[in-house]
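Reviewing the structure listed below.
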Amino acid sequence: MARFIKKISNTIGLEPGALVYVGEKKTEHVRISIIDYDQDKFTQKYIDNIEDCFLLRDTKTVSWINIDGIHDTALIEKIGNHFNIHHLFMADIVNTSQRPKFEDAENYMFLILKMLYFDEKENDIKCEQVSLIVGQNFVISFQETEGDVFDILRNRIKMAKGKIRKMGADYLVYSIIDALVDNYFVILEKVGENIESMEDDLINEPTPKSVQTIQDLKRDIIFLRKTIWPLREVINGLEKTESKLIKKTTAVYLRDIYNHTIQIIDTIESFRDTVSGTLDIYLSSVSNRMNEVMKVLTIIATIFIPLTFVAGIYGMNFNTAISPLNMPELNWRYGYVFAWIIMISIVVGMVTYFKRKKWF
Amino acid sequence: MARFIKKISNTIGLEPGALVYVGEKKTEHVRISIIDYDQDKFTQKYIDNIEDCFLLRDTKTVSWINIDGIHDTALIEKIGNHFNIHHLFMADIVNTSQRPKFEDAENYMFLILKMLYFDEKENDIKCEQVSLIVGQNFVISFQETEGDVFDILRNRIKMAKGKIRKMGADYLVYSIIDALVDNYFVILEKVGENIESMEDDLINEPTPKSVQTIQDLKRDIIFLRKTIWPLREVINGLEKTESKLIKKTTAVYLRDIYNHTIQIIDTIESFRDTVSGTLDIYLSSVSNRMNEVMKVLTIIATIFIPLTFVAGIYGMNFNTAISPLNMPELNWRYGYVFAWIIMISIVVGMVTYFKRKKWF
Amino acid sequence: MARFIKKISNTIGLEPGALVYVGEKKTEHVRISIIDYDQDKFTQKYIDNIEDCFLLRDTKTVSWINIDGIHDTALIEKIGNHFNIHHLFMADIVNTSQRPKFEDAENYMFLILKMLYFDEKENDIKCEQVSLIVGQNFVISFQETEGDVFDILRNRIKMAKGKIRKMGADYLVYSIIDALVDNYFVILEKVGENIESMEDDLINEPTPKSVQTIQDLKRDIIFLRKTIWPLREVINGLEKTESKLIKKTTAVYLRDIYNHTIQIIDTIESFRDTVSGTLDIYLSSVSNRMNEVMKVLTIIATIFIPLTFVAGIYGMNFNTAISPLNMPELNWRYGYVFAWIIMISIVVGMVTYFKRKKWF
Amino acid sequence: MARFIKKISNTIGLEPGALVYVGEKKTEHVRISIIDYDQDKFTQKYIDNIEDCFLLRDTKTVSWINIDGIHDTALIEKIGNHFNIHHLFMADIVNTSQRPKFEDAENYMFLILKMLYFDEKENDIKCEQVSLIVGQNFVISFQETEGDVFDILRNRIKMAKGKIRKMGADYLVYSIIDALVDNYFVILEKVGENIESMEDDLINEPTPKSVQTIQDLKRDIIFLRKTIWPLREVINGLEKTESKLIKKTTAVYLRDIYNHTIQIIDTIESFRDTVSGTLDIYLSSVSNRMNEVMKVLTIIATIFIPLTFVAGIYGMNFNTAISPLNMPELNWRYGYVFAWIIMISIVVGMVTYFKRKKWF
Amino acid sequence: MARFIKKISNTIGLEPGALVYVGEKKTEHVRISIIDYDQDKFTQKYIDNIEDCFLLRDTKTVSWINIDGIHDTALIEKIGNHFNIHHLFMADIVNTSQRPKFEDAENYMFLILKMLYFDEKENDIKCEQVSLIVGQNFVISFQETEGDVFDILRNRIKMAKGKIRKMGADYLVYSIIDALVDNYFVILEKVGENIESMEDDLINEPTPKSVQTIQDLKRDIIFLRKTIWPLREVINGLEKTESKLIKKTTAVYLRDIYNHTIQIIDTIESFRDTVSGTLDIYLSSVSNRMNEVMKVLTIIATIFIPLTFVAGIYGMNFNTAISPLNMPELNWRYGYVFAWIIMISIVVGMVTYFKRKKWF
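These protein sequence lines are chains Z, A, L, S and R, in that order. Taking numbering that gives the first Met the number 0, the leading residue of the first sequence gets 0, the next gets one more, and so forth. Taking numbering that gives the first Met the number 0, the leading residue of the second sequence gets 0, the next gets one more, and so forth. Taking numbering that gives the first Met the number 0, the leading residue of the third sequence gets 0, the next gets one more, and so forth. Taking numbering that gives the first Met the number 0, the leading residue of the fourth sequence gets 0, the next gets one more, and so forth. Taking numbering that gives the first Met the number 0, the leading residue of the fifth sequence gets 0, the next gets one more, and so forth.
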C-alpha cells in the first residue's frame, strides 16, 4: 500500500504551504549541479552554496539547476524566496506524495512529474518525484535522490548534439519530460516481459503462487495507471498554456510526447485487459486438475468397491451344512472361477462405461 | 446500511424547508464558540445566548462562530433569521444526510462538507456533517457534536502562525476545508493499513472470515467514494464562483485542495481495484486447499481399496476340498507371500503413477 | 419482466397520438378532485363532470385538478381538447410505460413522473405513472389509481402551512415533485433494510434461497435506477427552462430536489456495489462448507480404509497348516494384540498428519 | 456470428461507391409499389418498370415508392441516377451490413434503418435493412424482401385516418420510423418473455442447457443493443437538421420517437443487467447440488466405513485356541451383541455429529 | 506481448526526432515504386534512386510514391529533407510502434495508419505500419515490407475505373484509407469465424485447451481494439481539417469511411461481449462434468458400501457354538437368502432415493 499512499499524518494541521518533507530520506547529502549553456558556451559544475546559482536567473544563457535531495527544507525555502515561487508550490516540492500537475503562475511555470525505474533487486517499480520550476531562461529541477534518467540528455547538451543548444528553456523542459516518458516505455517493456513469463508459467506449471504473481502484476499496472494517467493533463496544460514561456515552435514537440503518453496509457489498458484474463486460465486449470483427481478416485473406487463386495459375499460364514440354500456356490466345483467371472464382468462393464463417458 | 441511508421517513410530507433534525442526537448540550480576530486582535470565548454573536456580523474583524450540536432547531432558526439565510439551507443544516454541496446565494455562500474520523473502538469510519455559512467577515460552522479536527487551526489563528491573521474570511473557509481534507488522508492511511494487514492474513492463513473482512473493506471504500466524490464539485464551484466573497488570491489555495481531492479520489480508486482482486486470492486458495484434500483422499483410497479387495479375495470361503480349482492359492506353500507380493506391486504401481502425475 | 416492459403490442400500428390505455385497469371509477386556492380562499371538492373544472383555467386562483384513473380515454381527450394539449402528450398520459420526461410547450409544460410505493403483501416495489400538465394558474395531475403520497401536501394547502398558499402554480408543481422524491427515500430505506437483513441471513445461515434473494434485490435496484435516473434530466430541464411559467424564485427549490435526486442516485449506486459483493460471500461460504464436508470424508476415509485393510489381511484364509510362511501371525500368542498395535499406529500417524495440516 | 458481421470480402478493393449487393438473396423478384396521395386523392399500385414512377418526383402529391428486393443493382442504379443520389449512398442501400445512419444531402435526406422481426421457427431475431431517400414530395424506401411492418400504416393512409393525408413527406418519414420503433417494443416483449421463462426454468430445474440459453439471450441483447443504439443519433440528426425538408411541426413527433428509442435502450440495459445475474443463479445452484451430492456420499461413507471396519475386525482368523489374548470376544457369550452395540454407537455418534453440523 | 509493446529501449535518450528504426527488419531491400497519373496519362515504374522522384513534387499530375521498407533511415531522411517534412514526423515513420494519428502541418498532412493481415501459418493477426505524407499533388506512402492491400487500387488507377483518375491527391488518400479499412472487415470476418468455431468446440467437446483459445481470441480483440480505435480520431481529424489539401467534395467519402470505422468498432465490441461470455459456458460445463463424476462415485459408493458392510457382518467369526445369541443367522435355514433380501432391499431403497433426487 505504501506505493499508493504515503505517511503524511505528521503534516496534518500544519499551515498550508508549510514546508514539511514527506517521504523516506533517500539521500544523505543534497547535491546541487548546474548546467549553463547557449549556442556557443557550455558550463557544468557542482556547487555547495545555493546562493551561487542565484545570479543565473538573470543571465541570457539557459541554466539548468538540478537539486538532488529535497529533505533540506531550509535550502528549498531559500530557492523559493529568491525565485519568488508561491509557498504552496514549495510545499508541493518537498511532499513526494503529489500527483503530477502543471501550474501556470505569471512569471514561471511549475510542474510535478514522476520518474519511474525498475528495482531489479526487489523486482518492483520505484517512483521518484521530479519537480520543475521553469522561468524565462532557467529550469530548476528537484529530485528525491541522486541518479536519474537525464545523463544522456546532459551529454547531448554538452556535445551540442541536435538542436538543443540553439533552443531555449522551454525546449529543455520538453527534453526533460521526453526523457522521463521515454523511460516509461522501458518500464512497460519490463512489465510486458513479466506478464509474458507469468503466462508461460501458468500454461506450463500453474501453482498457487501464480495467483500472487497475477495480483502483483495487477497492482503494478494499477500503480502505473495512477502515476501516468495525470501526465496527459499536464502535457495538455503545457501545450494549451498561453504563457509566453512556451514558444510556438515547441508545440509540435509537446504534441509528440502527448501522443507517446496516450500510447503508454493504451498499452497499460491492454496489459490490464490481458492480465485480468489470466486468472481465468489459472482457475480453470485448477478446476481441470481437480476434475482429473476426482476421475481417478471415481474410476478406482467404482471398479473396486463392487469387487470387494463380491469378495465380501463369499467371505460370509453361513452354515452350508444346514441347508443347500446357504451359499451353495462355496461348494460348487467351479465356484471360485464363477466368482472371478462375476468380478471380471464388473471390471469390463465399468471400463466400458468409463470409455463411453470418455473418462480415459 | 445505516451509513448509506439515514432514517428520514419522519420528515416525509413536511413543508420543504421545515427544520427537522435528521440524525442521532450526538450531543446533549449545544455549545457555541466564537473566535474573532484581525491582524492585531484575537478573542476566543464560549457564549450561551446565540444573540451575543449577532453583533459580529457587521464588525470588520473576521469572526468564526462555531455551533456544536444541531438538534436544537429553534436556535438554528434564530441564526437563519438574523443572518437572512434561505430556509431551505437551514433545513439542510439540520438534515445530516445531505450530500456535500456548494450554494452561492447573493450575499453569502453555503457549504455542506463531511468530517470523517476513524472510530478505533468499532473499527469503523464515522462521518459528521459540517455546514458552513460564509459572509463578508464571518464564517458560521455547524457540527453535529463536540470535538473536531480544527484544534490545530484554532491554535494557528491564536498564535498568529502563517498568514491566516492577515487574511479574510475566505482564507478561513479555505483553512477549514483544508483541515477536513488533510484529515481524509489520515483515514486513507488507516484504510490502506487495513488492506495491507488483510492481504497479509490472506496469504498466511486464509479463513472464511477473510471474505467478511474484504466485504467490509469494500464497503468502507464505497462509503469513502460516495462521501468524497462530490467534494470535487464543491471545491470546483468555490473556485469558479464569481462571488465577491472569494478573493482572487485565494484561488491558488483552492486549486491546491482541489488537487488534494483528486489525489484522494485516485487513491480510493486504487484501493478499490486492489481490494477487488483480493477475493480472487482467497477463492483460489480455497480451491487449492480443496484440491489438496481431494488428493490425499484419492491417494489413500486408490492405494488401499485395491489392497482391501485382494485381502477380501483370500477371505472367501470357497470349499478348497471339493475341487483344486477353488482357491488353490490358499493351500500353496507361498500363498501368503504371493498375496503380499501382489499387494506391494499395487502400492508401487500406484505410487509411481501419482509421482508421474506430480501429486506428491 | 413485467416491471421492465409493459404489454403494448396492441398499440402497434396505431396512428401516433392515438389515445390507447396501456396498463392494468387499476381503478374502476375515474375520480376527479379539485383544489382551488389563493392566499385567502380554499376550496376542495369532487366533481363528476370534467366540464365543471374547465372554468378554472382562466381564474386567477391556483387550481389543482387531479384525475385518478386514466383508462377512460374519452375523458382524457376532452381535457386535452379544452386545455389545448398536443395529442402526443395526451397519448403519453394514458400509456403508463412512459419514461419520466419534461416537455416545454409554449403555453404549458408537460411532465411524466413515477410514483413508487412498497407493496408489503407482495414484498415488491410498485410503480405508478403521474403525469402533470402545468399552465399559468393550474396544474392537472393524472394518476393510474386512487391513493397517493400527496395527502400531507393537500393538508398543508388546506391549513395554509408554510408559504404554499402565497405562491403560484410553479411552487405547487415543485411541491408535488418534492412529495414524490421524498417518498423515494422511504423506498430506499426499505431496500436498505432488505439488503441488511439479507446480509445478516447470509452470514448466519446461507441457503440456496439466498441467491434468489440477492437476485431479487439486484432487480429491485436495477428497476429503481431505471425509474429514477431520468428524473435528473426532468428536474434539470425544469430548472433550465426559459418558460415564463417557472418564476425565478422557484429555482432554488428545484435545485434542492435536484440535489435530493442526485443523493438518491448515489445511494442506489452504493446499494448496487454492496449487493454485487454479497454473492461472493455466499459463494465463498458454499465453497467453505464443501471444503469442510470433503475434509470430514477424507479424515474418516483415510483413517478407516487402511484399518479395514489390516483387518482384511487377517481375515484371509491361507492354510496355516501347510507352511509356517502362511500367515504365521494368526498363530502368534500376541497376534491379535499385534494387529491392534498396527492399527492404532495408523490412527495416530494419520491424526498427527491431519493436525499438522491444520484440518482439525 | 453471421448476425454481427456479414460476408463482405467480395466487395474488397472495389471502387468506393460501386454497387455490390451484400446479403442473402432474400427475394426472387423485385417488387415496386407506389402510394401517391394528398388530402383528396389516393392511388396505390404495383409497377413493373421503375421508369413509371419517375414522373412522381415533380408532382405536388406525396409519393411513397417502395422497393422490395435490392439485389438488382442495375435497377437501384437507375433510381439513383434519376433522383440524383450520391453513388456512395446507393452503394449503402445494397450493402445490408450498414449501421443505421442519417445523411443530410442538399436536396434530399438519406436514412438507413433496421427492421427487426422475430422468427418463431428458428426462435431468433431477424434483421432487415430499410433505406429511405426523402425528397420534397416523395419517399423512396428500399427493403431486402417482401413483407414488412408497414401494412397498418398503408391502411391508415388509404383510410385517411388521423392527420397523415394532410401532412407532407416528412410526416410520412416519421410514420415509417414510428412503425419500425413500435415494432422494436414487440421484439422486446418477446425477449422479456424469454428471459422470464428462462429464469423460471433455472429455478425449477436447472440443466446444463440453461447456460446455452443464457448465452443465447445475452447474444440477442448484444445484437439488439448494437442495432438500436445508433438509432438515437439518427433521430437526433433528423431532429437537429436544418434541412428545409423537415417542417418545424414535425419536431415534436421526432422527439416522441426519440423518447421511445431511449426507453427501448433503457429496457435493453435492464435486460442486460438482469440476464448477467442469472448465470450466478445457475452456477450457485450447480454448486449447491454438488454440495448435496458430496454430503450424501460423506454421510453414507463415514457411517459405514467404520462399521465395515468393526465387522472386518471380527472376521479376522486369529487362532483363539492358542491364547486367550487372541480375539477373546469371539468366544464371549454376548460377543455378537457386543459387536452390534459398538456399531450402533458409531451410527448414533455419527448421526448426532451430522445433525449438529446441520447436514440433514 | 510483443504485439502490445515493441522493443524501443535502444532509442532511449536519443535526441527527439532522431531517426532510429524500431521494428523487425521485415524486408531486405528497399523498393520504391511510383505511380503518376492524371485524367489522360498513367505511368507506373520502379526506381532505384529516390532522387528520381523528387521532380514529381512540382508536376501537376498526381504522384503516388510508395516506399516498401523503412529500415534505411538515410533514405527516409533524404525524402524528409527534400519534401521539407518535420524531423519528428520522419522519426515517427521509422518507429513502427506508433499509434495511428493525423497531423496537419501547413503545407502537407502526415498520417500514421495500420495495415492488418491475417497470418494463416501462425494463425495470428499481423500489423504493419503505413505512414502517409500528403502534399498538393503527391502522396508518399511508407510501408514496412513489400506486399500490401493496395494492388486492386493500383489496378483501378491504371484501368481508369471509377472517378479516381479525375480526382486529386486527397481522393487518392481516401482510396488508400478505404482499402485499409475494407481489409479490416476481412480480419473481422476471420475473427468472427474463429469465435464461431471456438463456440462449436466448447459445446461439443470442451477441453482445457479451450480456455487458451478463448484467451487468445480475447487478446486478438484487445489488439484490434487498440489498433482500430484511434482511427476514428484520425478520420475525424481529416474530415474536420481546414487544410486546403482536402477538397470539400471529399468530405462525404471521409464520412463514409468514418461510418465504416464506427461499424468495425461496434462489431469488435460485440465480439468482446460475446467472447467474454464463452468462458462461463466452459466453466459451467467443467462444473457439470465434475458434478456427474461425483454422482457416479456417490451412487456406486453409497450402494455398495452398505452392502459390503452386510457381507462383512456375516463374515465375522463369532463362535456360534457358545451361545445362540452369537450370529444365529448363520445357522438359519434361510440365512443366506435373508442376507440377500437385506442387501437387495438396500439397493432398491438407494436407487429409489437417487431416482427421487433425479440423479439418474
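Positions of the beta carbon are idealized from the N, C-alpha and C atoms, including for glycine. All values reported here derive from a predicted model rather than from experimental measurement.
Point to revise | Beta-carbon proximity list for residue 160 (chain R), same chain, < 6 Å, skipping 5 on both sides | key: none
**Study point:** Rounded straight-line distance, which links the Cα of residue 326 (chain Z) to that of residue 327 (chain A)
**Key:** 19 Å
Point to revise | Where residue 122 (chain R) falls: helix, strand or coil (DSSP) | key: coil
Check your understanding: What residues from chain L crowd round residue 213 (chain S), counting only those whose CB sits closer than 8 Å?
Key -> Ordered by position in chain L, no residue passes the 8 Å Cβ test against residue 213 (chain S), which lies about 13 Å from the chain.
**Study point:** Beta-carbon gap between residue 317 (chain A) and residue 334 (chain Z) smaller than 7 Å
**Key:** Against a cut-off of 7 Å, the Cβ pair of residue 334 (chain Z) and residue 317 (chain A) comes out as a contact.
Review point. So what's residue 332 (chain Z) in DSSP terms, helix, strand or just coil?
Key: coil
Exercise for review: Consider the Cβ of residue 188 (chain L): report whether some Cβ of chain A lies at a distance smaller than 7 Å.
Suggested key: Yes - at least one Cβ of chain A is within 7 Å of the one on residue 188 (chain L).
Review point. For residue 100 (chain R), which beta-bridge partners are listed by DSSP?
Key: R:111
Point to revise | Enclosing alpha helix (DSSP H) for residue 155 (chain Z) [first to last residue] | key: 150 to 157
Check your understanding: How would you call residue 344 (chain Z), buried or exposed, if buried means at least 16 neighbouring beta carbons within 10 angstroms?
Key -> exposed
Practice item. Grab me the residues of residue 32 (chain R)'s own chain with a C-beta within less than 6 Å of its C-beta, minus the 5 sequence neighbours each way, in chain order. Key: 45 and 65
Point to revise | The beta strand (DSSP E) enclosing residue 30 (chain A), as first and last residue numbers | key: 30 to 36
Practice item. Name, please, each residue of chain A whose Cβ falls closer than 7 Å to the Cβ of residue 155 (chain L). Key: 14
Check your understanding: In chain Z, which residues lie less than 8 Å from residue 294 (chain A) when you measure between Cβ atoms?
Key -> 292
Check your understanding: Taking only beta-carbon atoms, is residue 307 (chain A) less than 7 Å away from chain L?
Key -> yes
Review point. Going by alpha carbons, who is nearest to residue 252 (chain S) out of L:90, L:190 and L:30?
Key: L:90
**Study point:** Contacts that residue 217 (chain L) makes with chain S (C-beta to C-beta distance below 7 Å)
**Key:** 276
Point to revise | Helix, strand or coil at residue 227 (chain L) according to DSSP, with G and I counted as helix | key: helix
Review point. Thinking just about the alpha-carbon of each residue, which of R:338, R:118, R:235 and R:95 is nearest to the one in residue 312 (chain Z)?
Key: R:338
Exercise for review: Using a Cβ-Cβ cut-off of less than 7 Å, list which residues of the region 308 to 333 of chain A approach chain Z; keep chain order.
Suggested key: 308, 311, 312, 314, 315, 316, 317, 318, 321, 322, 324, 325 and 326
Practice item. Please name the residues in the region 257 to 271 of chain S whose beta-carbon is closer than 8 Å to at least one beta-carbon of chain L, in chain order. Key: 258, 261, 262, 265, 266, 268, 269 and 270
Review point. DSSP three-state call for residue 360 (chain L): helix, strand or coil?
Key: Since the first residue shown for chain L is 0 and the last is 359, residue 360 (chain L) is missing from the structure and cannot be characterised.
Practice item. Compute the Euclidean distance between the alpha carbons of residue 288 (chain R) and residue 96 (chain R), then round it to the nearest angstrom. Key: A direct Cα-Cα distance of roughly 45 Å separates residue 288 (chain R) from residue 96 (chain R).
Exercise for review: Could you check how far apart the C-beta atoms of residue 136 (chain L) and residue 104 (chain L) are, in whole angstroms? I think they sit under 8 Å.
Suggested key: Incorrect: roughly 16 Å between the Cβ atoms, too far for contact.
Review point. If we cut at 7 Å on Cβ distances, does residue 341 (chain Z) have a partner in chain A?
Key: So no, residue 341 (chain Z) is outside the interface.
Practice item. Spell out a yes or no on whether the region 289 to 296 of chain R and the region 289 to 306 of chain Z are touching, meaning 3 or more CB-CB pairs, one atom from each, closer than 8 Å. Key: As far as the Cβ criterion goes, the region 289 to 296 of chain R touches the region 289 to 306 of chain Z, which means the pair count is three or higher.
Point to revise | 8 Å contact criterion, which residue 249 (chain A) and residue 227 (chain A) should meet: CB distance rounded | key: For a cut-off of 8 Å, the C-beta gap from residue 249 (chain A) to residue 227 (chain A) is around 22 Å, too long to register as a contact.
Practice item. Determine whether the Cβ of residue 130 (chain R) lies closer than 7 Å to any Cβ atom of chain S. Key: no
Exercise for review: Output yes if chain L places a C-beta closer than 7 Å to the C-beta of residue 289 (chain A); else output no.
Suggested key: yes
**Study point:** Residue interval of the beta strand (DSSP E) (run including residue 142 (chain L))
**Key:** 137 to 142
Point to revise | Residues that DSSP places opposite residue 358 (chain Z) in a beta bridge | key: Bridge partners of residue 358 (chain Z): none, in fact.
Exercise for review: Name the one or two DSSP bridge partners that residue 128 (chain R) has.
Suggested key: R:113
Exercise for review: Can you pull the chain Z residues whose beta carbon is under 8 Å from the beta carbon of residue 300 (chain R), in chain order?
Suggested key: 300, 301 and 304
Check your understanding: Would the beta-carbon of residue 109 (chain Z) fall within 7 Å of that of residue 82 (chain Z)?
Key -> no
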